[in-house]
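Heads up, the thing below is written out as structure tokens.
Residue numbers (the numbering used here): 15 to 116.
Here it is as structure tokens:
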């Protein structure tokens, strides 16, 4: 084989190697971008889940506080009404029979 043919083959091999290396580097960079996007998506999903859980816990605590306030108000109202009725009943019982009816 003559020298120009050997030089051409060497050149083509080198060109092929360079093109394959460039293709491999492009593919590697694309895979890194996809991996970063997946990691970002996973991180955002986790953050969203954490924020929703925090929001749910805050809402649940607020509902508990409101329920406890309503319960306390109801108990206070019931106690006040019960005390007033008890005092009225006690006063009526303490009066002479004719005065209580009159």
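Don't be surprised by glycine CBs; every beta carbon is placed ideally from N, CA and C.
Only a predicted model underlies this, so the values are computations on that prediction, with no experimental measurement involved.
- Within the model, the alpha-carbon separation for residue 91 versus residue 74 is close to 25 Å.
- Under the three-state reduction of DSSP, residue 87 is assigned to helix.
- Taking the CA atoms as reference points, residue 86 sits about 27 Å from residue 68.
- Shown here, residue 72 sits in a helix according to DSSP, grouped into three states.
- In the three-state DSSP reduction, residue 16 falls in the coil class, being neither helix nor strand.
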